[in-house]
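Student: Convert by adding 22 to the 1-based position in the sequence shown; the result is the number in our numbering. Structure incoming, see below.
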Amino acid sequence: MAGGPSAEIKRGSATRDQSHLVQESWGHLLRNFLIVALVAASVWVLVSGVRFSIGYGSHFIFSPFEVEEPAAGHTGQKAAEAEAEDGDMTTAWLILFGVLVGGGLLRGLLIQLPSWRSSEGDGMGTSLEHFHATYDHPEEGHQPRYDQSDFAQAGRRAVMTTLTVGTGGSGGIEAPVVPIGECIGAGWSRLLKVPNPDDLRIFQMAGIAAAVVTLLDAPFTAALFAAEVIYTDRVLYRTLMYSLVAALVAYALNNHFLDFQPLFTTEGHSHAYNLFEYAEIAAVALICSAPAGLGVGWVFRITKTALKPIPSLFRGAVGVGLAGLLALGVWSWLGIEPFHILGVGEETIAMVMGGEGNALLQVWWVLFLLVATKAVATGLTLGSGGSAGALVPAMFMGGLMGGGVYHLLNSLGYASSGDPALYVVAGLASALVAVVQVPLAAIAFVMEVFGATFGPPAIVSCVLTYMIAKRLRLYAEPKKRKAEE
């Protein structure tokens, strides 16, 4: 769902690319490796700062809603009612809305400044346009990319992303860090006067891979993700190899200096899967693919259109304020904590997978409800110009749909596996393909994060979803799809 160049432009760039003909000297190789490492380290510093800022902000506004395990006989609703009686929840909600709306207003003020207007939205499309524009200037020398903002734009993007997600807006941060990585890669190329567009693209893509691995801690996934979002269904080995080096540098910094904790942890599955499990995995892919690809895109377009008439100064505050009201409504009705609808959503996936947290997270219809509310809340955040992305929300929606399928089958006595993680992983991988269109990165992510034993269900889910998406034309360009309709 990333904007920017069309699939035809991306494939055209891959066709025009001549990097496979480049014969690098030892000195040239050494120089490129050193610059890639420099780009990766710089990206890691800034993206780590964004990640910690968002984590701190999220903890501040959401921690009052964290409910301990309820006593026997208590549901999530009863626990919520018991806490609300002492008035603490009123204060917590006032703080939450104050931070949400305040962050939205501050973003609205910033984008009134000309230099900040390009920081609205996730910025991925613009970064991909910068990358592919280098193919229009194949000659060596001063590259047009050097005349545009790089380091300053990366800093502005970091601030806008923190103000969006760190104040409670719904969305992921993987998409906004793509322009951070691309800008820093281009910035170092400019400072070091890199004349060759092939080398410039190496450093741009390396920056993107380093930014993504800083968040996911999965180096092969990050490099594949960069390759797939840039070239769609083409992989160019020269840029991919350097991206792997950048991803490895950021991965090493993550684990040596920050003691990075995995996004998700689960017990491994047996290497052997029976036919019933494969059938259920296929069912999860079928259930997740079309709703995720069509439904999410439809919700995002509707919310963006509805919010467009609002002046840009207030649009951000209105969007996240409505998302907050949605979370308040679900809390008042079911006692579902707001961080399951607002924020990034990684904790919710882990809770559903491990059977932890609010007891209602084990109820199938509640999980489907959360999928719908998360889609709307994310649409309101993105549609109001928030600097956030759809990658983790896609994981959220796919994972919870998979978990919902498991609990539905389990309640009917038809679940062949007693582990909801299998269904969550299958749904998560399926949604990544349907929404973000990165099938190889989705399979790599599952195997790097959850373990190789989850590789077979990921392959089944991603292959089926990709085929369905192609058949239903989920990947059609917006203008082309509209004309055909």
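In this text, a Cβ means the ideal position worked out from N, Cα and C, and glycines have one as well. None of these values were measured; they are calculated from a predicted model.
1) At the level of alpha carbons, what is the spacing between residue 418 and residue 467?
2) Any heavy atom of the ligand MN closer than 7 angstroms to the CB of residue 67?
3) Run the CB neighbour count on residue 413, radius 10 Å, all protein chains shown included, and call it buried at 16 or more, exposed below.
4) Would you report the Cα separation of residue 450 and residue 424, rounded to the nearest angstrom?
5) Do you know how far the Cα of residue 237 is from the Cα of residue 208?
6) Report yes if the CB atom of residue 40 is closer than 8 angstroms to the CB atom of residue 153, and no otherwise.
7) Would you mind stating whether residue 410 and residue 229 have Cβ atoms separated by less than 8 angstroms?
8) Could you name the residues of the same chain whose beta carbon sits closer than 6 angstroms to that of residue 42, not counting the 5 residues immediately before and after it, in chain order?
9) Is the distance from the Cβ of residue 341 to the Cβ of residue 400 below 8 angstroms?
10) On the DSSP letters alone, give me the boundaries of the alpha helix (DSSP H) that residue 54 sits inside.
11) Select from 335, 27 and 138 the residue whose C-alpha is nearest the C-alpha of residue 177.
12) Is the CB-CB distance between residue 127 and residue 448 below 8 angstroms?
13) If we ignore side chains and look at the alpha-carbon of each, how far apart do residue 487 and residue 112 end up?
14) How would you call residue 367, buried or exposed, if buried means at least 16 neighbouring beta carbons within 10 angstroms?
15) Out of 140, 336 and 180, state which residue places its alpha-carbon closest to the alpha-carbon of residue 510.
16) Apply the 10 Å Cβ neighbour rule to residue 270 and answer buried if 16 or more other Cβ atoms are within range, or exposed otherwise.
17) Nearest by alpha-carbon distance to residue 202: which of 213, 259, 147 and 188 is it?
18) To test your reading of the DSSP string, which unbroken beta strand (DSSP E) runs of 3 or more residues are found completely within the segment 293-374?
19) Enumerate in chain order the residues of its own chain whose CB-to-CB distance from residue 379 is below 7 angstroms, with the five nearest sequence positions on each side excluded.
20) Tell me which same chain residues have a C-beta within less than 8 angstroms of the C-beta of residue 329, skipping the five on either side of it?
21) On the CB-based measure, 16 or more other CB atoms within 10 Å of its CB, does residue 221 come out buried or exposed?
Tutor: In terms of the structure at hand:
1) 14 angstroms
2) For the ligand MN, the structure offers nothing, since it holds no ligand at all.
3) buried
4) 7 angstroms
5) 21 angstroms
6) no
7) no
8) none
9) no
10) 48-84
11) 138
12) no
13) 43 angstroms
14) buried
15) With the chain covering only 23 through 507, there is no way to say anything about residue 510.
16) buried
17) 147
18) none
19) 373
20) 337, 340, 341, 402, 405 and 406
21) buried
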